[in-house]
Structure formats: structure tokens, C-alpha cells
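Notes to accompany the following structure.
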Amino acid sequence: MNLDGVLFFPVTPFDPDGRLAAGVLAEHIAAGVAHGPGGVFVACGTGEFGALAEGEHRQAVQVAIETVRGRVPVVAGAGGPLGAALAQARAAREAGADGLLLMPPYLGVRGGYFAYVRAVAAVGLPVIVYARDAVVLEPDEVLALADIPGVVGLKDGIGDIDRIQRIVLAMAGRPFTFFNGLPTAELTMPAYRALGVTLYSSAVYAFAPEIALAYYHGNPHLLTGFYEPLVRLRGRVPGYAVALVKAGVRLRGLDVGPVRPPLTDLTPEHLAELDALIKTGLDLL
216 MNLDGVLFFP VTPFDPDGRL AAGVLAEHIA AGVAHGPGGV FVACGTGEFG
266 ALAEGEHRQA VQVAIETVRG RVPVVAGAGG PLGAALAQAR AAREAGADGL
316 LLMPPYLGVR GGYFAYVRAV AAVGLPVIVY ARDAVVLEPD EVLALADIPG
366 VVGLKDGIGD IDRIQRIVLA MAGRPFTFFN GLPTAELTMP AYRALGVTLY
416 SSAVYAFAPE IALAYYHGNP HLLTGFYEPL VRLRGRVPGY AVALVKAGVR
466 LRGLDVGPVR PPLTDLTPEH LAELDALIKT GLDLL
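Counted the way my numbering counts, the sequence shown spans residues 216 to 500.
Written out as C-alpha cells, the structure reads:
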């Protein structure tokens, strides 16, 4: 699985009755793919993975694969209870996904976690492990995970620079994919690039691919003029890491509906602030 460039994490649209809006999802993904991302990660964190029923997850993955049509890799989210993770992994494999992003299970750590990863990887798709929440890995643990057939990479959502540096050094010379998976990863990419980690997930790409790509190609003004105030806004309410992205997609003209509970949508004041920020970011291009 060859990942390169900015990684696109689409939101999952819902219609006025609260159902997954497959046509809107296809439109959203097609618009993103037209800008040339390095991969599409569907039904993951930004896609409200934890709020999707099993059938909705399967549908979202199928829509992504049918829309992308092999132009870039499609990676599906999987995780939660082992039975659910296995069902999601099998559905993704049957739909033709290129890989899995393995979301952290509830309280799954140490020995039991390795068995969990091994079981999901046995389904047969390449697995990128997502380190966040209870999954905080030491270098020797990443080495052990990399020995599991099918485990090909690590998405770091912890943000401990000392830890990720030691992990990268421990894995030197081994074929393994690392990427920065922090919310609004652009703000921390200067530090990650210095460690040799060049891939990252871009929440901004979902609603403003022009801004995301301009940053990727070196626009010197976006970090302070757009990303830093965006991160301050994101930090005001728990869950805004997802709700803010979905609001951004709506502000750019595509009705993807609200977020599902327990997430909450932006307040009117915060929505106006996001709207102004997007306009500022576009002006900085």
C-alpha cells in the first residue's frame, strides 16, 4: 500500500432523518479525490467511526471504493470490540479496500492488545495501528507489532515527540509507514518532519483541500494565519476535532448534516469564527 502526499479523511454525511447519505458521501469523496490526496481513509475518526452501525460502516466503505475507482488507496476504519473489528475488517476486504486503520479498543493494552491486532490482521488486509487513548506504545512494542504479518504502519495520535523519535530510530531499516495522526496535524508537522515522519492526516483537506495542499507545498503564511487560530478554536469544546471539520464542509457548500451524539455541533459564534478563518485561509493562498 503506497501512501504519499496529504491523506484525506472524509466526514460521514447524514440526511435530515439521521441516515447515512450515500450520495452526499460519494460527492464529498469525489471532490476530495479530484485534488489528488495520497489516500482516502473512510469511516475513521473524522468519519465518526464510533457512531456508525455495522451496516453503515460497510456502506460507507463501499461508497468510497466505488467513488475512488482505484485512483488512490482506500483505507477503512476498524476497531472497538473484537467481534465488531473483525466484522468491519471482513466487510472492508470484501468491498475491495486496500487496508485498515485499526482504531484503539476500549482499555486494550499490552499482551491482550497484541492478540487483538493479530486477530484483525489475520483477516488479510494491511493494518495501520492507531496509537492513541489507551494504546500508548514503546519502541519494543512497535517492533513486536511490526513482526505480526500484515501490520504495515503506525499512525501516531499521542504527540510525544521523544517517544515517536525513539520508535522511528528503533524501526530504522525496516519497511514501515509512520504518519502524524494528531488533530490538525499541520501544526505539529515541522517537528514530525525533523524526525523523518512526512505523512500526516489532514482534517482541513476535508473542507478546504486548497488550503491543505498549499500548506503541504510550503505556503509560509498558513501556519500562523490559519492553522494556529484553527487549533485554538478546535480546543474550545471536546469533540470539535470532528464537529469543526463537518461544519467546514457545510460552510463550503455541501450539506453533510450534523454530527451524531455524543458529539455536538458548533455554537453559532464558533461557526461564524470558523467561517471567517476559512475565508482568511483562502485569502492567504
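Every residue, glycine too, gets a C-beta built ideally from N, C-alpha and C.
>> Run through the DSSP bridge pairs and tell me what D371 is partnered with.
In response: What you label residue 371 is simply residue 156 of the sequence shown in a count that begins at 1. A346 and N395, per the DSSP bridge assignment.
>> Using only the alpha-carbon positions, how far apart do A199 and A268 sit?
In response: The question about residue 199 has no answer, for the chain in this structure spans 216 to 500.
> In chain order, which alpha helix (DSSP H) runs of at least 4 residues are fully inside the segment 372-460?
Replying inline: 376-385, 404-409, 424-431 and 443-449
> Which term fits G472, buried or exposed, when burial requires 16 or more other beta carbons within 10 angstroms of its beta carbon?
Replying inline: Within the sequence shown, numbered from 1, the residue matching residue 472 stands at position 257. When all chains shown are included, G472 counts as buried.
>> With DSSP as the reference, identify every bridge partner of A359, one or two as the case may be.
In response: Looking up residue 359 in the sequence shown gives position 144. None; A359 has no bridge partner.
>> If I measure Cβ to Cβ from L384 and keep anything under 8 Å in the same chain, skipping five residues before and after, which residues do I get?
In response: As a first step, residue 384 must be located in the sequence shown, where it is residue number 169. So the qualifying residues of the chain are P354.
>> Judging by CA-CA distance, which residue of M404, G251 and D470 is the nearest neighbour of D375?
In response: Taking the sequence shown and counting its residues from 1, the one referred to as residue 375 is at position 160. For D375, the nearest C-alpha among the options comes from M404.
> Looking at C-beta atoms only, is the number of pairs between the segment 237-244 and the segment 274-291 that lie closer than 8 Å three or more?
Replying inline: yes
> Are G440 and L499 closer than 9 Å when you measure CB to CB?
Replying inline: Locating residue 440 in the sequence shown gives position 225, where the first residue counts as 1. Locating residue 499 in the sequence shown gives position 284, where the first residue counts as 1. It is a contact, given that the beta carbons lie within the stated cut-off.
> Is the shortest distance between the beta-carbon of V366 and the beta-carbons of chain C less than 9 Å?
Replying inline: Checking the listed chains, one finds no chain C in this structure; it contains a single protein chain.
> Within this structure, are the beta carbons of G314 and Q303 separated by less than 9 Å?
Replying inline: Here residue 314 refers to the residue found at position 99 when the sequence shown is read from its first residue. Here residue 303 refers to the residue found at position 88 when the sequence shown is read from its first residue. In this structure, Q303 does not lie closer than 9 Å to G314 by Cβ.
> How is L481 classed by DSSP in three states: helix, strand or coil?
Replying inline: Here residue 481 is taken as the residue at index 266 of the sequence shown, counted from 1. Coil at L481, not helix or strand.
> Do P225 and F264 have their C-beta atoms within less than 9 Å of each other?
Replying inline: Taking the sequence shown and counting its residues from 1, one reaches residue 225 at position 10. Taking the sequence shown and counting its residues from 1, one reaches residue 264 at position 49. No, Cβ-Cβ distance for P225 and F264 is not below 9 Å.
> Under a three-way DSSP split, which group does V283 fall into?
Replying inline: Locating residue 283 in the sequence shown gives position 68, counting from the first residue. Here V283 sits in helix by DSSP.
>> Using a Cβ-Cβ cutoff of less than 8 Å, which residues in the same chain neighbour E425 once the five nearest sequence positions on both sides are dropped?
In response: One-based indexing of the sequence shown puts residue 425 at position 210. Result list for E425: H250, L497 and L500, in chain order.
>> Less than 9 Å between the beta carbons of V344 and L360, yes or no?
In response: Along the sequence shown, one-based indexing puts residue 344 at 129. Along the sequence shown, one-based indexing puts residue 360 at 145. Contact: yes.
> G238 lies in the alpha helix (DSSP H); which residues open and close that run?
Replying inline: In the sequence shown, residue 238 corresponds to position 23, counting from 1. Per DSSP, G238 belongs to the alpha helix (DSSP H) from A237 to V248.
> Using 8 Å as the threshold, is the segment 377-393 in touch with the segment 361-369, meaning 3 or more CB pairs across them?
Replying inline: yes
> Relative to the alpha-carbon of A266, which residue among T479, K494 and L489 has its alpha-carbon at the smallest distance?
Replying inline: What you label residue 266 is simply residue 51 of the sequence shown in a count that begins at 1. If we check each option's Cα against that of A266, T479 comes out closest.
>> According to DSSP, is F329 part of a helix, a strand, or is it coil?
In response: Start at 1 with the first residue of the sequence shown, and residue 329 comes out as number 114. Helix.
>> Please tell me whether F229 and G254 are closer than 9 Å, where the distance is taken between their beta carbons.
In response: Counted from its first residue, the sequence shown places residue 229 at position 14. Counted from its first residue, the sequence shown places residue 254 at position 39. Contact flag unset, no.
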